[in-house]
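Peer 1:
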Amino acid sequence: MTSTSVIVRRMQPTDIDAALALTRPQNWNQIVTDWERFLGLEPEGCFVAVLDGRVVATTTTERFGPVGWIGMVTTDPQHRGLGIGRRLMHAAISHLRGAGARTVKLDATPMGKPLYERLGFRPEYSLQRVVGQGRPLEADGVSPYRGETDLLEEILAIDRAAYGTNRGEMLRRLAEGWPEVAAVHRTSGQVDGFVLGRHGHFYEHLAPLVALNAQAAEGLLRWGITAAGHRKVAFDHPLPNQAAAAVAVRYGFEPAREFTRMHLGQEPYLDRPGFIFGTSGAEKG
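Residues in the sequence shown are numbered consecutively from 1, following my numbering.
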C-alpha cells in the first residue's frame with residue numbers, strides 16, 4: 001500500500017463522526033462542537049485523507065489575516081509512515097498561502113515535530129499543558145463578558161498585543177460556545193485581561209487566557225477554575241512565561257503534555273509569550 005492509494009479531499013460535516021473516532025483513542029479532548037467550529041471558520045481549508053472509503057487522517061486550518069494556523073493533524077496508527085501526513089500538510093499550507101497567509105503556525109507534539117521541521121517549520125517556544133481540578137474560588141476584579149460590542153473591542157486589543165493579528169471571529173465563536181467562562185479582568189476600571197474556553201471530552205480547556213499582568217491572569221484563572229465546576233480543567237502555558245508556570249503550581253495544576261509552537265514563513269507575527277497565560281494552538285486543540 002502507498003500514499004497514492006489515498007484520496008485527500010476537503011472535510012465535510014458528514015466526516016465529523018469519523019474524525020472523532022480517529023482521535024478519541026489518542027485521548028484528544030475535542031468534541032463535535034470543536035469540529036463544527038473548525039469547518040465554520042475555514043470550510044475550504046479542512047482536509048481528510050480517505051482510504052477504501054474510510055477517513056484515516058485529518059487536518060484543519062484557520063486564518064487570521066496574514067497568519068495561518070494548522071491543527072488536528074493526525075493519522076490512523078495503522079497507516080503511518082506512508083506519507084499521508086505530509087500530503088495533508090502540503091494541502092493545508094497551500095490553502096493558507098493561497099488565502100494570503102504569510103506566516104503559518106502550529107503546535108507540534110513530539111511525534112509530529114520531525115515532520116514539521118522537514119517542511120521548514122522553526123520552533124518559536126515550548127508549551128506545557130497542565131491539568132487541575134475545578135472548584136469554587138473567589139475571583140476579584142473579574143466580570144462576565146456577554147457579547148457587548150465595546151467590551152469585545154477591548155478584548156481584541158489585548159489579544160492583538162499577544163498574537164499580533166485580529167482573531168475576532170474565532171474569539172466570538174468561543175465565547176458563544178462556553179458563555180459561562182467568558183470574562184474580563186479590570187484594574188482601576190481598565191480591562192487588562194480576558195479568558196474564554198471550550199468544553200471537552202476529558203476536561204474543560206481554558207484558552208485563550210491573555211493578560212497584561214500576573215494579577216489579572218490569576219483572577220481570570222480562578223474564574224475559570226470556578227466555571228469548570230467539578231470537572232477537570234486544563235490550559236497550555238508558554239514555558240518562557242514564568243508567571244504562568246508559577247500560578248499553575250499555586251493552584252495545584254500538574255503537567256500533562258508538552259508541545260512546541262512552530263512557524264513557517266515571515267516572522268513579524270511572532271507571539272509575545274509574556275501576555276499569554278493560556279493557549280491551545282489557536283484555541284483548537
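Where is the CB? At the ideal position from N, CA and C, for every residue including glycine.
1. Could you give the first and the last residue of the continuous beta strand (DSSP E) run that contains residue 125?
2. Put residue 33 into one of helix, strand or coil per three-state DSSP.
3. Does the contact criterion of 3 or more C-beta pairs under 8 Å hold for the region 269 to 278 versus the region 209 to 226?
4. Looking at C-alpha atoms only, which residue of 110, 195, 94, 113 is the closest neighbour of residue 104?
5. So, using beta-carbon positions, are residue 262 and residue 106 closer together than 7 Å?
6. Whole angstroms are fine: how far does the CA of residue 115 sit from the CA of residue 185?
7. How should residue 9 be labelled, buried or exposed, when 16 other C-beta atoms within 10 angstroms of its C-beta is the threshold for buried?
8. Assuming residue 87 is part of the beta strand (DSSP E), what are its boundary residues?
9. My guess is that residue 253 and residue 131 are in contact by the Cβ rule of under 8 Å, so how many angstroms apart are they, rounded?
10. When burial is assigned at 16 or more other CB atoms within 10 Å of the CB, is residue 238 buried or exposed?
11. Work out the CA separation of residue 241 and residue 285 for me, nearest whole Å.
12. I'd like the span of the alpha helix (DSSP H) that includes residue 190, first residue to last.
13. Determine contact between the region 19 to 37 and the region 190 to 208, defined as no fewer than three beta-carbon pairs at a distance below 8 Å.
14. Quick check on the DSSP output: the alpha helix (DSSP H) that includes residue 236 runs from which residue to which?
Peer 2: In short, the structure shows the following:
1. Following the DSSP letters along the chain, one finds residue 125 inside the beta strand (DSSP E) bounded by residues 122 to 133.
2. If DSSP states are grouped into helix, strand and coil, residue 33 belongs with the helices.
3. The region 269 to 278 vs the region 209 to 226: in contact.
4. For residue 104, the nearest C-alpha among the options comes from 94.
5. Yes; because the gap between Cβ atoms is below 7 Å, this pair is in contact.
6. A straight line joining the alpha-carbon of residue 185 with that of residue 115 spans about 40 Å.
7. Exposed, by the Cβ-count rule.
8. No beta strand (DSSP E) holds residue 87; the alpha helix (DSSP H) holding it covers 84 to 98.
9. Sure, about 6 Å apart at Cβ, within 8 Å.
10. Answer is buried; the Cβ neighbour count reaches 16.
11. Any reading at residue 285 must be qualified, since the residue scores a pLDDT of 36, below 50, and its modelled position is unreliable; no value is offered.
12. Careful: residue 190 lies outside any alpha helix (DSSP H), inside the beta strand (DSSP E) at 190 to 198.
13. In short, these stretches touch, since the Cβ pair count reaches three.
14. Membership of residue 236 in any alpha helix (DSSP H) is not indicated; the residue belongs instead to the beta strand (DSSP E) covering 232 to 238.
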